[in-house]
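Please read the structure below before turning to the comments.
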Amino acid sequence: IDKVPASQRGPWMTFLKSLATSKGDIASITAPPFILSSTSLTEYSKFWAELPDLFVAPSMVVDPEERALAVFRWFIATLKGQYTSRNEALGSEKKPLNPFLGEMFLGRWETDDEGTTMLVSEQVSHHPPVTAYATYNDVYGVELTGYNGQKASVSTTTLNIKQVGHAVYKITKFDESYYISLPSLHIEGLFYGAPYVELEGSTFIQSSSGYSFKIDYSGKGYFSGKKNTYKAKMFGPDSSSKPLYTFSGQWSGKSTVKDERAKSEKLFYDATEHTIVPLEIKPLEEQSPYETRKAWAKVAAAVSVMDYDTIHVEKSKIENEQRALRKQEKEEGREWTRRYFTLVDSDEGLKKLASGAGITADEKVWRFNRDDFESGPDKC
Ligand code: 0T9
Numbered sequence: 028i029d030k031v032p033a034s035q036r037g038p039w040m041t042f043l044k045s046l047a048t049s050k051g052d053i054a055s056i057t058a059p060p061f062i063l064s065s066t067s068l069t070e071y072s073k074f075w076a077e078l079p080d081l082f083v084a085p086s087m088v089v090d091p092e093e094r095a096l097a098v099f100r101w102f103i104a105t106l107k108g109q110y111t112s113r114n115e116a117l118g119s120e121k122k123p124l125n126p127f128l129g130e131m132f133l134g135r136w137e138t139d140d141e142g143t144t145m146l147v148s149e150q151v152s153h154h155p156p157v158t159a160y161a162t163y164n165d166v167y168g169v170e171l172t173g174y175n176g177q178k179a180s181v182s183t184t185t186l187n188i189k190q191v192g193h194a195v196y197k198i199t200k201f202d203e204s205y206y207i208s209l210p211s212l213h214i215e216g217l218f219y220g221a222p223y224v225e226l227e228g229s230t231f232i233q234s235s236s237g238y239s240f241k242i243d244y245s246g247k248g249y250f251s252g253k254k255n256t257y258k259a260k261m262f263g264p265d266s267s268s269k270p271l272y273t274f275s276g277q278w279s280g281k282s283t284v285k286d287e288r289a290k291s292e293k294l295f296y297d298a299t300e301h302t303i304v305p306l307e308i309k310p311l312e313e314q315s316p317y318e319t320r321k322a323w324a325k326v327a328a329a330v331s332v333m334d335y336d337t338i339h340v341e342k343s344k345i346e347n348e349q350r351a352l353r354k355q356e357k358e359e360g361r362e363w364t365r366r367y368f369t370l371v372d373s374d375e376g377l378k379k380l381a382s383g384a385g386i387t388a389d390e391k392v393w394r395f396n397r398d399d400f401e402s403g404p405d406k407c
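Just add 27 to wherever you are in the sequence shown, counting from 1, and you've got the numbering used here.
So this is what it looks like as structure tokens:
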């Protein structure tokens, strides 16, 4: 427990004990202040497009095989932000704020070469937590929509997380879609008070063009002595079991691609050569009360000075308000109306893509209502 501030060692041990008996309901356990983050989970949707150049790049590639490679490069590039950015910025993984139903995180990236890339993220379920998101760039005609939730379980000192949901990346010009599944992960280092994420298992990317990827993840010591490693295979539309390309290396560092036909190997992606573009967010005064930063401002301020009492008081205010809303909805026999996403049946196209990747698509998926957002009051 060397990374735990001396004054919080007792509370940390209590936290670990509650975790062990929690059956994975992490949100309901109070954690000591040093491990709390002032960032809500609705913000995590931004990790998909913090490298706008790689996000739009596939739309400029005419050859379908090269295009699929560009999509895969962007995907690999997103992992560093998604899974290591808290560690890099804050020294360890932190417990995110648990979003309330209807919470939104909205922003845009403005870059010289790509123009505007929009982000709309909305908490569409509180218990279990589910975040839906859309991120799109009209200059290049690319769009990513998806949703995700987590199922947690505990085994002795590790926390295991299975992600529920998927993402779909679309390129308008080529009328092409990519179904992307999400990796399972576990939290290491909990005992020492220095938690970090390790990805595990496999994920899949299936393109409507027929190309597909299988990605295997591992932590330190399994494939190599290095952390954040992956191995992947790209298959052609003929669905032969022989891969066209194989990839290996670190997603947070360098990885290489081997052309299995030409037997040549070269650098595929080097995460250290790319810097993220920060998302632009409206100033607090202009945000709606449902926007993440506005709604959590007082809690976030208290977290940054580790003022536990204020954290507790301000969190309770939000929770009580939410309880009152749910009670009222129940009495009036209605449900909270999600703003920009609707739960719909999976369509045949999606089911086909998922099954191509060897996955059964969820019966219901969250669909982005782009027109409502574009014409609504929250457009930023
Ligand atoms: C979607 C991502 C997800 C969210 C986070 C498991 C986790 C909440 C979900 C899966 C993003 O696209 C990618 C990255 C990190 C994931 C988080 C890591 C984490 O620790 C939390 C959980 C809920 C905890 O906060 C565990 C308790 C804490 C003491 C450990 C720091």
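Ideal Cβ placement from N, Cα and C applies to all residues, glycine included.
- Exclusion of GLU77 from the 7 Å shell around the ligand 0T9 follows from its C-beta lying no nearer than that to any non-hydrogen atom of the ligand.
- Short note on VAL224: C-beta closer than 7 Å to some heavy atom of the ligand 0T9.
- Looking at the DSSP output, GLY176 shares a beta bridge with VAL157, VAL191.
- When PHE295, LEU370, SER208, ALA322 are compared, the shortest CA-CA separation from GLU341 is found for ALA322.
- Under the DSSP assignment, GLU227 falls outside any alpha helix (DSSP H), being part of the beta strand (DSSP E) whose first and last residues are 223-234.
- Annotation: LYS200 to LEU209 spans about 26 Å, alpha carbon to alpha carbon.
- Pairing VAL191 with GLY176 gives a Cβ-Cβ distance under 8 Å.
- Straight through space, the alpha carbons of ILE188 and THR111 are spaced by roughly 16 Å.
- Distance from the C-beta of LEU68 to the nearest heavy atom of the ligand 0T9 is below 7 Å.
- Residue range 256-262 is occupied by the beta strand (DSSP E) that includes THR256.
- Separation of LYS281 and PHE250 (C-alpha to C-alpha, rounded to the nearest whole angstrom) is 14 Å.
- CA-CA distance, ALA76 to LEU171, rounds to 9 Å.
- Non-local beta-carbon contacts of TYR244 in its own chain, meaning distances under 6 Å to residues more than five positions away in sequence, involve PRO210, LEU226, GLU227, TYR257 in chain order.
- Not one heavy atom of the ligand 0T9 is found less than 7 Å from the C-beta of TYR174.
- Residue burial annotation: VAL284 is buried, with at least 16 other C-beta atoms found within 10 angstroms of its C-beta.
- Taking the Cα of PHE99 as reference, the smallest distance to any Cα among SER268, GLY220, THR273 is reached at THR273.
- Between the alpha carbons of LYS309 and ILE386 lies a distance of about 39 Å.
- The Cβ neighbour count for ARG288, taken over all protein chains shown within 10 Å, is under 16; the residue is labelled exposed.
- DSSP links PHE274 through a beta bridge to ALA259, VAL284.
- A Cβ-Cβ separation of about 6 Å places LYS391 in contact with ASP372 under the 8 Å criterion.
- Rounded to whole angstroms, the Cβ separation of GLY129 and GLN150 is 6 Å, and the two are in contact under 8 Å.
- The three-state secondary structure of MET333, taken from DSSP, is coil.
- Ranked by how close their Cα comes to the Cα of SER64, the residues GLU362, VAL157, SER148, GLU120 have GLU120 in first place.
- Taken from the Cβ of GLN314, every heavy atom of the ligand 0T9 lies 7 Å or farther away.
- DSSP places HIS339 in the helix class (H, G or I) of the three-state scheme.
- Following the DSSP letters along the chain, one finds THR319 inside the alpha helix (DSSP H) bounded by residues 319-322.
- In this chain, GLY134 is not harboured by any alpha helix (DSSP H); it is covered by the beta strand (DSSP E) spanning 131-138.
- Within the same chain, PRO123, LEU124 come within 7 Å of THR66 by CB-CB distance, once the 5 residues on both sides are set aside.
- Taken through DSSP and simplified to helix, strand or coil, ILE242 comes out as strand.
- Distances between the C-beta of TYR196 and the heavy atoms of the ligand 0T9 are all 7 Å or more.
- For PHE295, the enclosing beta strand (DSSP E) covers residues 291-297.
- Pairing LYS247 with ALA259 gives a Cβ-Cβ distance that is not under 8 Å.
- Just so you know, the alpha carbons of GLY118 and PRO60 end up roughly 14 Å apart.
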